[in-house]
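In this note's numbering, the protein residues as written are 15 to 677. Positions of the beta carbon are idealized from the N, C-alpha and C atoms, including for glycine. Every value quoted in this text rests on a predicted model; they were computed, and no experiment measured them.
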Ligand code: PRX
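And the structure:
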């Protein structure tokens with residue numbers, strides 16, 4: 015693990031966030047209208063949740079969700095296993111759809127969708143319910159039963175959300191794979207989850223290009239994933255695809271004849287809702303398992319209080335449904351609240367760098383949630399682009415995915431928010447299911463660059479390796495000390511990895527195990543958290559999470575590569591970029607062409623998000639006596655920094671100087 019105090023020093027050099035003294039209290043008008051109206055309200059809620067977490071969550075679960083049967087115990091905590099709302103019965107698709115149909119929301123827009131080419135669709139709760147029920151019946155007809163896994167590999171189109179909700183409706187855990195992942199990456203995930211059916215599209219539109227998806231599914235199934243029996247294909251781009259008789263079906267053919275009558279399956283609170291793969295510091299991506307009741311409640315509450323949703327709001331989260339942010343804050347959280355959730359297929363692109371602002375203007379978006387990497391690229395393009403649009407509908411902004419540097423925060427506040435919108439900088443992870451540390455916009459005075467304070471019910475701390483709390487402003491490891499409803503339940507098929515990754519790195523605190531987030535942080539004198547970044551070998555490239563080891567495995571699978579070591583280097587727009595050190599097999603020699611080929615090879619193995627920025631060929635890599643590559647020094651070399659630290663751990667320290675000369 016990286017020592018957090020090294021990161022504090024690094025951070026100081028980049029930006030003097032330790033001196034950040036600007037304060038942004040919510041305006042009285044915003045607070046007056048907010049769900050949580052004052053610091054005192056937040057503190058009261060926080061204290062209530064801390065004193066009696068079970069009573070706190072039980073009260074909200076009763077008030078905010080529909081249960082077919084009430085639980086008989088709120089929490090069973092047998093570390094590291096937590097169960098919430100034991101024997102409670104519910105269905106998240108019922109909470110996201112059916113219960114709104116008996117209210118005026120039946121005809122309210124549930125999803126407003128805008129395609130990249132400019133086509134659009136508005137789907138009311140009534141319509142969404144019908145389509146979900148139909149697709150749930152389609153899945154049943156395909157032989158999908160409660161407990162069977164369904165892979166979803168889709169562009170950002172409403173059918174992605176419909177497929178997720180249909181799975182939830184019949185109790186079939188979905189495993190959404192981001193559409194930017196390659197056939198190889200898709201195959202690994204489908205195999206691990208043993209998916210029975212895959213839902214996909216012919217392709218999608220991204221950056222003015224057609225991105226093929228069905229052909230990637232075909233490749234994945236050619237080379238494995240033999241558990242997959244059927245493939246359902248949405249027609250989106252109308253590019254030709256090959257349909258295999260008896261295996262592949264068109265979505266529209268099946269939907270046409272499917273019955274719209276499909277009562278929601280009665281699910282146990284602890285039944286698996288979905289598996290979502292994410293990168294770790296070792297091995298292949300892990301299947302993070304989320305269950306039904308706790309996840310429904312926590313995403314519901316965080317959406318309501320953090321985004322301060324009003325029934326008249328148009329709410330837009332720009333994430334992709336392939337990531338946890340899309341699961342929790344495009345689909346489940348907003349729909350459970352009966353909100354209008356905007357879905358956009360495109361991303362800013364050279365032909366229209368201002369497309370986000372066009373969408374804000376067109377639909378009068380009120381709440382906008384995006385990633386710091388996007389904000390940094392907007393800054394680079396210039397403020398004349400957003401300034402040319404009417405953004406006055408915006409009332410609240412959010413960020414997620416990586417630390418936001420205070421200057422980007424200030425720009426977002428001034429240019430996009432017109433100086434009047436609070437910003438919620440939300441820290442969380444695939445594993446946490448929902449936002450953990452965040453301002454509540456009507457209550458919290460924000461500081462640019464800080465995710466501020468934990469959500470009610472979340473006991474966060476910054477500790478050293480032995481679990482002792484560190485003093486104010488000293489770097490340490492971010493931990494969570496009490497279970498929360500939407501915490502991951504396990505790593506799919508790998509309980510040992512679950513235990514080892516999250517519950518062992520930090521010695522227990524006061525005899526109790528703590529959840530290790532993999533991030534370092536510091537807490538200031540006001541109790542505000544400043545997240546500094548990962549302390550394991552996980553990188554954050556444009557807010558996308560990638561493990562050094564998966565990248566190294568991808569490189570080593572190329573015949574030219576003998577050994578590879580991958581580190582992250584700071585990057586102005588992406589936050590971090592991938593820097594790979596590679597040694598070659600005897601019969602290969604370094605060249606620009608080979609570097610290009612290796613970059614492309616990683617894209618084929620993982621996907622375009624994993625394309626290395628730099629490949630540095632090396633004669634040798636720095637290793638310990640036991641043969642372990644020392645990434646710490648490679649990180650310094652890649653960043654062009656001086657090599658600091660005890661070089662005697664490296665068998666041949668001259669290797670370091672040779673690598674340094676080549677940068
Ligand atoms: O390092 C933290 C960073 O993103 C990691 C989680 O990545 P992932 O599971 O892909 O989920 C991303 C979306 C929830 C964290 O361990 N991260 C996320 N949000 C923030 C952040 N770092 C700093 N500030 C944030 N607001």
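Nearest by alpha-carbon distance to residue i: which of the options is it?
| i | options | result |
| --- | --- | --- |
| residue 523 | 589, 195, 480 | 480 |
| residue 42 | 601, 392, 174, 53 | 53 |
| residue 343 | 81, 360, 414 | 414 |
| residue 605 | 575, 620, 555 | 575 |
| residue 307 | 586, 96, 631, 635 | 96 |
| residue 446 | 503, 179, 114 | 503 |
| residue 220 | 360, 119, 111 | 360 |
| residue 283 | 585, 63, 499 | 499 |
| residue 287 | 432, 164, 397, 294 | 164 |
| residue 132 | 228, 48, 218 | 218 |
| residue 611 | 450, 648, 571, 640 | 571 |
| residue 114 | 548, 71, 142 | 142 |
| residue 527 | 539, 533, 514 | 514 |
DSSP on residue i, reduced to helix/strand/coil?
| i | result |
| --- | --- |
| residue 120 | helix |
| residue 366 | strand |
| residue 26 | Here residue 26 scores only 46 on pLDDT, less than 50, and its place in the model should not be relied on; the value that follows carries that caveat. Here residue 26 sits in helix by DSSP. |
| residue 357 | strand |
| residue 223 | strand |
| residue 615 | helix |
| residue 381 | strand |
| residue 667 | coil |
| residue 91 | strand |
| residue 208 | coil |
| residue 659 | coil |
| residue 469 | coil |
| residue 184 | helix |
| residue 50 | coil |
| residue 637 | strand |
Please tell me whether, using a cut-off of 7 angstroms, the distance from the CB of residue i to the nearest non-hydrogen atom of the ligand PRX is below it.
| i | result |
| --- | --- |
| residue 559 | yes |
| residue 657 | no |
| residue 209 | no |
| residue 554 | yes |
| residue 532 | yes |
| residue 568 | no |
| residue 414 | yes |
| residue 422 | no |
| residue 578 | no |
| residue 127 | no |
| residue 515 | no |
| residue 313 | no |
| residue 384 | no |
| residue 417 | yes |
| residue 340 | no |
| residue 545 | yes |
| residue 536 | no |
| residue 439 | yes |
Quick check: residue i and residue j, are their CB atoms within less than 8 angstroms of each other?
| i | j | result |
| --- | --- | --- |
| residue 651 | residue 624 | no |
| residue 184 | residue 158 | yes |
| residue 188 | residue 171 | no |
| residue 476 | residue 535 | yes |
| residue 263 | residue 242 | no |
| residue 175 | residue 357 | yes |
| residue 309 | residue 301 | no |
| residue 346 | residue 106 | yes |
| residue 354 | residue 122 | yes |
| residue 383 | residue 332 | yes |
| residue 679 | residue 409 | What is shown of the chain runs 15 to 677, which leaves residue 679 out entirely. |
| residue 533 | residue 549 | yes |
| residue 436 | residue 462 | no |
Quick one: give me the first and last residue of the beta strand (DSSP E) that residue i is part of.
| i | result |
| --- | --- |
| residue 554 | 552-555 |
| residue 630 | 628-631 |
| residue 544 | 543-548 |
| residue 134 | 134-138 |
How far does the alpha helix (DSSP H) with residue i in it reach, from first residue to last?
| i | result |
| --- | --- |
| residue 558 | Careful: residue 558 lies outside any alpha helix (DSSP H), inside the beta strand (DSSP E) at 558-561. |
| residue 423 | 420-425 |
| residue 683 | Any property of residue 683 remains undetermined from this structure, which presents the chain solely from 15 to 677. |
| residue 264 | That residue, residue 264, is in no alpha helix (DSSP H); its beta strand (DSSP E) goes 262-264. |
| residue 63 | 53-65 |
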